[in-house]
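Chains A and B, in that order, are what the protein sequence lines are. Each residue of the first sequence is one higher than the last, beginning at 0 in numbering that gives the first Met the number 0. Each residue of the second sequence is one higher than the last, beginning at 0 in numbering that gives the first Met the number 0. Reviewing the structure listed below.
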Amino acid sequence: MAFQCSYYLEPVDTTNLPRRFLDAFAAILAHSNYGAVLDTVARISARCGRCAVTCPVYQASQDPRDIPCVRSELLLRIYRRYFTLAGAVKARAGHPFTLTEEYINTLAEEVYRCTACRRCKLECPLGIDHGLITHLARWILAEVGIVPKALRVATREQLDGKTHNTSAIPAAAMQDTCEFLVEDCRDTYGMKIAFPIDVEGAEYVFFPAVSDYLLEPDTLMGNAAVLTATGASWTIGSHYFDGINYGLFYSDRMLDRIVSKEAEEVRRLKAQKVLIGECGHASRSAKFFIKTFCGGAKAPPVVNIMEYTLQALRAGKLECKPNAIDARVTYHDPCNIARSGWIIDQPREILRAICAEYVDMTPRGRENYCCGGGGGTVSIDELREFRTKIGGATKAEQIRRTGATILVAPCANCKKQLREVCEDHGLDHVQVVGLHDLVLKAIVPPPPMRVEKQDDAQKDE
Amino acid sequence: MDAWIELARGPLFRLALLICALGLAFRLGNAAYLLVAAWRRAGDRDLPWRSVAEATARWLFPSQLLTVRPFYSAASFLFHVGILLVPFFLAGHVALLDGILPTWWPTLAPSLADTLTVLSAAALLAVLLARITAAAARALSTFQDVALLVLLLLVVVAGFFAAHPHASPFDARAMLLVHVLSGNLALVLTPFTKLVHCLLVPLTQLLSEVGWHFPAESGRHVAVVLNKENEPV
């Protein structure tokens, strides 16, 4: 039987696949902290099913395979059989479970039906983090060559390619884009902004999701406008400028290598801090894993651009027009920054300062629903139907209930997914934007940033 | 019959209690050891203690339990309360422990113990039926999940009839024997089945958090073991 999943794979070497899977599992258990978790989880998992009610995928699909603890059980079963004494004894006594290629194929299919939103963790009475178990299962699979092609190809370009980023944008093209954005911002919004490149000794090195350079000009102009208006000491590194980290979705080894590149770029530029743009997983991977992999307390601190903007707004360093946005606006919490409680109120405070009518979804914040494209699935185009019809069904209803026409999602992945969700659920009147897209329209530029009328006249000539 | 009962609640009970206590002590020690070792290996040892403590407290005293699946949750809560309180605080049980352990704690009023027992039995039955009848629940249940519920139901029901011979449809002495034997079995099984969560649950929120705190060298070490240090992505 050929190894097949509903997402594209590069050819999978199935020689001795179960053996190689178990070797990878053993190596990971020996050198990580997952063993401590699995040892307890494999014993206590009560399979009460409470997680079923909190999982947006299961709620929409009603298929028992999508119940978080059913999915986790797939890996726990392997762990019990091959890595515990009781499992070895049972096997001797004739217990039938043996790891097969088909079983690994099922696991590979199921763990990419999870959007890794970790909402189920909130409702597990036993504190089991199914997101962590999915995360581990995906890493083991990756070590035997089973990774969605879209994620692997992008990561390959980022780590081994010429451009060092997931969208394969050459540094020169990135700089061209920045110059174009400077002109666009001057012409459209009457503001002079700057994108400082390779400035040594800056406070912040800026890493947006690199796809923003291709797809989200307003978000980037908004980011740069805030940073310019507040006189921030910041720069973009031409050697490495991508915040995206698919390692978070499929391999701790890649996660390590990618965050290390960010830390390295900060060192090269003799800068102090990492500034992440509007992207949930980029923010989480930098915030929580630069510390892990790049020197603990000595690692460069990580700040999300929304934290920066709010601080500037509160300190009076940034002036925005109240009620600048008159349509009804709602906000989607990206799971990677909201589930831990890190960024929930900050963007809302900014939005309330600039929007005439801001409404929240229910539930929100820590208990938010995933957009349906989490865990890297949004980058896997062939999963669109699953993502929008199942993963994003609950979200679509939430958006509809707010009656908003502007949906703010400060995350490159959530934005792409939510646009597709709106398209597939008849929400064509909803415009999905980044937070700084709106800030850009509300900002009152300080005098040096304003474009003189002469400039306009000159340009017209 | 009496000789069997004496054997069951004498030496066999003590043996079951010993296995349970030693097994639980080992499990707790092991889990705590693994937890501390994992934390010491972590590249980032900074833990969000406050949110971990909040989550732990939230599930030890589940005030928001009923917000989701209220009937199932209420049943689950009731049987947990019953099977946690009655074994330790019923006067008859405390008397049995007298001489094995110092029994300084108060006992439950008999009427309250009876109420808890009946509620536990009803709740256990409800949870068992939910497990067997709902398609989704069947999909996620293993043999252990159903068998342990049946065992606990047996302990509770037999215990109630043993204590109320007039209400018992069967011979009360036989009920007592069933109660003691099934109770002993539950004790012995506790460290080796999912029942062990009764002791480990205060650690699990912390454990899940520590799980995300990877050792700084984990990726590189795994690459070395799997001979992938220079392998392209």
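All C-beta atoms in this analysis are idealised placements derived from N, C-alpha and C, irrespective of residue type, glycine included.
Check, Outcome
"Indicate whether threonine 114 (chain A) and proline 55 (chain A) have their beta-carbon atoms separated by less than 9 Å.", "yes"
"With a CB to CB cut of under 7 Å and the five nearest residues on each side skipped, what residues in its chain are close to valine 11 (chain A)?", "Phe2, Gly144 and Ile145"
"Kindly say whether aspartate 255 (chain A), judged by its beta-carbon, lies nearer than 9 Å to any beta-carbon of chain B.", "yes"
"Buried or exposed: alanine 456 (chain A), going by 16 or more other Cβ atoms within 10 Å of its Cβ?", "In this prediction, alanine 456 (chain A) has a pLDDT of 46, which is less than 50 and means its spatial position is unreliable; what the coordinates show is noted afterwards. With fewer than 16 Cβ atoms within 10 Å of its Cβ, alanine 456 (chain A) is classed as exposed."
"For glycine 468 (chain A) versus glycine 371 (chain A), is the C-beta distance shorter than 9 Å?", "Given a span of 0 to 460 for chain A in the structure shown, any question on residue 468 (chain A) remains unanswerable."
"Residues of chain A with CB under 9 Å from proline 86 (chain B), in chain order?", "Neighbours of proline 86 (chain B) on chain A: none; closest Cβ ~19 Å, over 9 Å."
"Any beta carbon from chain B within less than 9 Å of aspartate 128 (chain A)'s own beta carbon?", "yes"
"Opposite glutamate 356 (chain A) in the DSSP bridges: which residues?", "A:Arg327"
"Where does the unbroken beta strand (DSSP E) through valine 301 (chain A) begin, and where does it stop?", "301-303"
"Could you check if arginine 70 (chain A) belongs to the surroundings of the ligand MG, using beta carbon to heavy atom distance under 8 Å?", "Inclusion of the ligand MG in the displayed structure is not the case, the ligand content being empty and no account of it being possible."
"On the DSSP letters alone, give me the boundaries of the beta strand (DSSP E) that lysine 272 (chain A) sits inside.", "272-275"
"Does DSSP classify glutamine 430 (chain A) as helix, strand or coil?", "strand"
"Identify the contact partners of alanine 45 (chain A) in chain B, using a Cβ-Cβ distance below 7 Å as the criterion.", "Lys193 and His196"
"Have a look at proline 190 (chain B) and glycine 364 (chain A) and give me their C-alpha separation to the nearest angstrom.", "38 Å"
"Whose C-alpha, out of B:Gly81, B:Ala112 and B:Arg68, is nearest the C-alpha of leucine 89 (chain B)?", "B:Ala112"
"Please state the DSSP three-state secondary structure of arginine 79 (chain A).", "helix"
"Please work out which residues of its chain come closer than 7 Å, Cβ to Cβ, to asparagine 229 (chain B), disregarding the five sequence neighbours upstream and downstream, and give them in chain order.", "none"
"Between threonine 192 (chain B) and the rest of its own chain, which residues show a CB-CB distance below 8 Å, the 5 nearest in sequence each way excluded?", "Gln143 and Leu147"
"Given a cut-off of 9 Å, decide if methionine 220 (chain A) and isoleucine 196 (chain A) are closer than it, judged by their beta-carbon atoms.", "no"
"Check distances from the C-beta atoms of the region 12-35 of chain B to those of chain A and list, in chain order, the residues that come in under 8 Å.", "Arg26, Asn29, Ala30, Leu33 and Leu34"
"Nearest to leucine 75 (chain A) by alpha carbon, out of A:Gly86, A:Ala41, A:Phe96 and A:Lys415?", "A:Ala41"
"Are there 16 or more other CB atoms within 10 angstroms of the CB of arginine 266 (chain A), so buried, or fewer, so exposed?", "exposed"
"What residues of chain A sit near serine 140 (chain B), judged by a beta carbon separation below 8 Å?", "Arg46"
"Quick one: Cα of alanine 223 (chain A) to Cα of phenylalanine 194 (chain A), how far?", "7 Å"
"Given a threshold of 16 other Cβ atoms within 10 Å of its Cβ, counted over all protein chains shown, does valine 232 (chain B) qualify as buried or as exposed?", "buried"
"Under 8 Å, CB to CB, which of the residues in the region 152-166 of chain B have a partner in chain A?", "none"
"What does arginine 40 (chain B) reach in chain A if we use C-beta pairs closer than 8 Å?", "Asn32"
"Whole alpha helix (DSSP H) runs in the region 370-420 of chain A with 4 or more residues, listed along the chain?", "392-401"
"Just to make sure I have the definition right: I need the residues of chain A whose C-beta is within less than 7 Å of the C-beta of phenylalanine 213 (chain B). Which are they?", "Ser31, Asn32, Asp251 and Thr291"
"Who pairs with cysteine 464 (chain A) in a beta bridge, going by DSSP?", "The question about residue 464 (chain A) has no answer, for chain A in this structure spans 0 to 460."
"Ignoring anything shorter than 4 residues or poking outside the region 33-108 of chain A, list the alpha helix (DSSP H) runs there in chain order.", "33-43, 49-53, 55-60, 67-82 and 84-91"
"Counting only beta-carbon atoms, is tryptophan 58 (chain B) nearer than 9 Å to chain A?", "yes"
"Tyrosine 203 (chain A) by DSSP, collapsed to three states: which one?", "strand"
"Short of 7 Å in beta carbon distance, which residues of its chain neighbour proline 86 (chain B), apart from the five on each side in sequence? Order them along the chain.", "His92"
"Please work out which residues of its chain come closer than 8 Å, Cβ to Cβ, to valine 469 (chain A), disregarding the five sequence neighbours upstream and downstream, and give them in chain order.", "As shown, chain A starts at 0 and ends at 460. That puts residue 469 (chain A) outside it, with no answer to give."
"Hey, is threonine 132 (chain B)'s beta-carbon within less than 9 Å of any beta-carbon in chain A?", "no"
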